[in-house]
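Notes to accompany the following structure.
There are 2 protein chains.
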Amino acid sequence: MELARRASLAARALARSGPRQRNRALDLMAGALVKETPRILEQNARDTAATADQVRTGRMTAALVQRLKLDQAKVRGLGDGVAQVAALDDPLGRVTLATELDDGLRLERVTCPIGVVGVVFESRPDALVQIAALCVKSGNAVLLKGGSEAERSNRALFDVVHRAVTEAGLPPDAMVLLEGREDVAALLGAERHVDLVVPRGSNALVRYVQDHTRIPVLGHAEGLCHVYVDRAADLDRALAITVDSKVQYPAACNAAETLLVHADVAAAFLPRAVAALSARGVEVRADAEAARATGGAEGLEPASEEDWDAEYCDLVLAVRVVPSLDEAIAHVNAHGSRHTDAIVTEDPSAAERFCAEVDSAGVFVNASTRFADGFRYGFGAELGISTGKLHPRGPVGLEGLVTYKYRLTGTGHVVADYVGPQARPFAHRRVV
Amino acid sequence: MELARRASLAARALARSGPRQRNRALDLMAGALVKETPRILEQNARDTAATADQVRTGRMTAALVQRLKLDQAKVRGLGDGVAQVAALDDPLGRVTLATELDDGLRLERVTCPIGVVGVVFESRPDALVQIAALCVKSGNAVLLKGGSEAERSNRALFDVVHRAVTEAGLPPDAMVLLEGREDVAALLGAERHVDLVVPRGSNALVRYVQDHTRIPVLGHAEGLCHVYVDRAADLDRALAITVDSKVQYPAACNAAETLLVHADVAAAFLPRAVAALSARGVEVRADAEAARATGGAEGLEPASEEDWDAEYCDLVLAVRVVPSLDEAIAHVNAHGSRHTDAIVTEDPSAAERFCAEVDSAGVFVNASTRFADGFRYGFGAELGISTGKLHPRGPVGLEGLVTYKYRLTGTGHVVADYVGPQARPFAHRRVV
């Protein structure tokens, strides 16, 4: 893919750019978003108008159209977000390890950009701006492929951010908008030039990308999050956290899908929880013990084995009573998606065990799973959420977009002096 | 794979073990290696005796037999290495980010084990001990599969390290020796339970593993390292570094395969370099300009395009004259393997550009490529060397064996309070 090859050359120039130049591009971007708002909204209106047919024929949901739609406030928010990213500390050139191996021979581990990032995203055109800003800040070249339903919006937003990049003197090839259908396959096959692929969209999109590339993929196909109400839970907190985790935005990947309740508090907690959830339109699917504990509350559905593995993305919640903390942890590790899981408890040792043994990117104590989000974590913007266990993990901001190099500086040092019977010993003086 | 499933359960227990318990296992291991040396050497002698036939029929080289062979000093060295790993700082539970999102709502990023590591290694039985020690220290369960030619040695060493693990009270299933041929395929297919696979051995082994698993693979198929002699090089240093990088241990992945020389110093440097290399038995393959610069030195072979992509692992060196630093960087990025590349120069800005733009795990200034090694870097031992650009990168010691979780602790905090017109703002007070 020629565009990817050129992006990889541009990445070299980006790698030697300074933070002032990259921040200048971001400042220009923030300003231009405000100035160009009318044109952006005009193009966005054409996109949304074009979806009318697809909504009528059922090929697109009203919710998707809602996510596609931009307004004055949203575009202003995008500009503010870019300015926020500009204000963050420079993630590049940070020395995370420094060791004097010997006199005059110094080893440093220094953060540097990953290189070329390919992003495939659906619907939300605001993602384009957030990702572009994160990539400029972190010195990465980026290839952006949006959905066809947002084609005009993406083009308008891309023109704005790309102009800012070139006006700041950064290489034009460092940011590329892909618009052809065939570009996705070309991108996924460009393993010689692309270092990381980020799919942002439906589970189906993520799985498609994972199955069709040898490039490392950052993302998560599923978000099957749990709330576990421990025997030592404060039940008022448990209620607020359960409700928020489920209903605050049920379509999000960090919404809870399964509620686990310790048997000792099931009778005290479940009737209240089911009532509160039902009042908010949540369908509750309960196992036999949970049903018993609620005394046969109205509208309760029986849960089957499949419910423990279901990501509803909707107002549905599976509920199971567990005999112990151990069983809760085992359930989460067996059925969860390593995304985010919460325990509600006043017992610090139960919290400690849950956090140590649950194998997820987010382990929360007495807080809603919905906090798992780059903005809420304070990262300014989010590239995606990673459930992989090699770096990066969880919501990915700038730190997930940099790697490191080992820099070794000597004055002619050779290994031959450090081996054999007359070997000179290493000093290994840690500096940082 | 049942052993992998049990290892993943053992990993939960390991994840909550303390550093004192893990270090106790390492101390027991170091002691037992000394005490059991006679038995280990006896089993190793049986392995080497059994290879005689294979050497006769050419199925095994004398060099491989040499790597298989243990002696008193090597086993003592292994024990010392384990004691060194025990003495390193605990890599787990380190808080690498802490932010108060709001009053009473604290986010921490905490290092934790990766989980279950599968290692496939060839020939060198000492690798078993090093890897076992690193995994115990970092709280990871490990499945070890060695080569059949070292079967008895591996079993003897495994018995020693495994007994230390159980005597320290760590779960027996946390360390498993796989001995069947069919176990490799089972391991590579156990993506539900294994988090990372590390192939240690030939390029063919690494490629086989990469092509037959969906589990993340840590390693490198090739080590195509360069030495670039800049126009501003100190030529004495350049000579010492070139010779060491090529001849100190030519079979290693961090040995140099290509020498790039700036045109301005080619006539001054190359005749000396070729003479020194030839005197050490190195076959030099030169491009036309390099041949001209040496004035037709004896024994010079012409280089073809294929030589720029060849990893000789032998006493052969390709030599090319480049017109500029830019061309040198472009050559390294086009033909290198992202392992380790060195520049020899007294010009800081040339060094800076080389380090920023060469896309390799190690970028060395005025030092031999042969320093790229976990022990020489001060990591105590080495799991492998990674040329991937997501974490980890370069020689991998303990830090490459840990990831992190985000721990969020609140007092009943819910997201609903932070959205909408009455939204409470986040504080985002960075603590660490």
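Chains as they are written, first to last, in my numbering: chain A, 15 to 446; chain B, 15 to 446. By construction, the Cβ of each residue, glycine as well, lies at the ideal position given by its N, Cα and C atoms. As the structure is a prediction and not an experimental result, all values here were calculated from the model.
Residue 142 of chain A: member of the alpha helix (DSSP H) spanning 140-151, first to last residue. Annotation for residue 368 of chain A: 357 place their beta carbon closer than 6 Å to its own, counting only its chain and skipping 5 residues before and after. The region 376-391 of chain B makes contact with the region 100-116 of chain A; the number of CB pairs closer than 8 Å reaches 3 or more. Per DSSP, reduced to three states, the secondary structure at residue 285 of chain A is helical. The contact set of residue 184 of chain B on chain A, defined by CB atoms closer than 7 Å, is empty, because the minimum CB distance reaches about 15 Å.
A distance below 8 Å separates the beta carbons of residue 307 of chain A and residue 280 of chain A. In the structure shown, residue 399 of chain B adopts extended strand secondary structure according to DSSP, grouped into three states. Taking a Cβ-Cβ cut-off of 8 Å, the neighbours of residue 378 of chain A in chain B comprise 421, 422, 423, 424, given in sequence order.
Ranked by Cα distance from residue 310 of chain B, the first of B/327, B/326, B/321, B/289 is B/289. C-alpha of residue 346 of chain A to C-alpha of residue 303 of chain A: approximately 18 Å in a straight line.
Between residue 20 of chain A and residue 187 of chain A, the gap from beta carbon to beta carbon is short of 8 Å. Residues of the region 342-366 of chain B with a C-beta less than 9 Å from any C-beta of chain A: 343, 344, 347, 354, 356, 358, 365, 366, listed in chain order. Taking 8 Å as the cut-off, the beta carbon of residue 238 of chain B is found no closer than this to the beta carbon of residue 382 of chain B. When 7 Å is used as the limit between beta carbons, residue 373 of chain A is near these residues of chain B: 129, in chain order. Of all C-beta pairs linking the region 218-238 of chain B to the region 359-373 of chain B, fewer than three are shorter than 8 Å, placing the two stretches out of contact. In this structure residue 33 of chain A is not in contact with residue 416 of chain A, their Cβ atoms being roughly 13 Å apart against a cut-off of 8 Å. Any Cβ of chain B closer than 8 Å to the Cβ of residue 407 of chain A would place that residue at the interface, and such an atom is present. A Cβ-Cβ contact shorter than 8 Å links residue 159 of chain B with residue 133 of chain B. Within the region 207-289 of chain B, the beta strand (DSSP E) runs of at least 3 residues that lie entirely inside it are, in chain order, 210-214, 239-243, 270-276.
Here residue 420 of chain B is bridged, per DSSP, to A/376, B/123.
Within the DSSP secondary-structure output, residue 134 of chain A pairs in a beta bridge with A/159, A/213. With contacts defined by Cβ atoms closer than 8 Å, residue 150 of chain A and residue 209 of chain A do not form a contacting pair.
In the three-state scheme derived from DSSP, where H, G and I count as helix and E and B as strand, residue 388 of chain B is classed as helix. When C-beta atoms of the region 52-63 of chain A are compared with those of the region 98-112 of chain A, fewer than three pairs fall below 8 Å, so the two segments do not count as touching. Note on residue 93 of chain B: 16 or more other CB atoms within 10 angstroms of its CB, so buried under the neighbour-count rule. Residue 191 of chain B: member of the beta strand (DSSP E) spanning 189-192, first to last residue. The beta carbon of residue 228 of chain B sits closer than 8 Å to the beta carbons of 205 from its chain, once the five residues preceding and following it are set aside; these are given in chain order. Cβ proximity to chain A below 8 Å picks out 386, 390, 391, 392, 402, 403, 404, 405, 406 from the region 386-406 of chain B.
At least one beta carbon of chain A lies nearer than 8 Å to the beta carbon of residue 115 of chain B. When the beta-carbon positions are compared, residue 95 of chain A and residue 144 of chain A come within less than 8 Å of each other.
Scanning A/359, A/395, A/444, A/446 for the CA closest to the CA of residue 249 of chain A turns up A/359. Judged by beta-carbon spacing, residue 51 of chain A lies within the 8 Å limit of residue 89 of chain A, meaning their Cβ atoms are closer than that value. With respect to chain B, the C-beta atom of residue 436 of chain A has no partner C-beta closer than 8 Å.
The beta carbon of residue 222 of chain B does not come within 8 Å of any beta carbon belonging to chain A, so the residue lies off that interface. Following the DSSP letters along the chain, one finds residue 114 of chain B inside the beta strand (DSSP E) bounded by residues 109-116. When DSSP reads this structure, residue 336 of chain A sits in a beta bridge with A/276.
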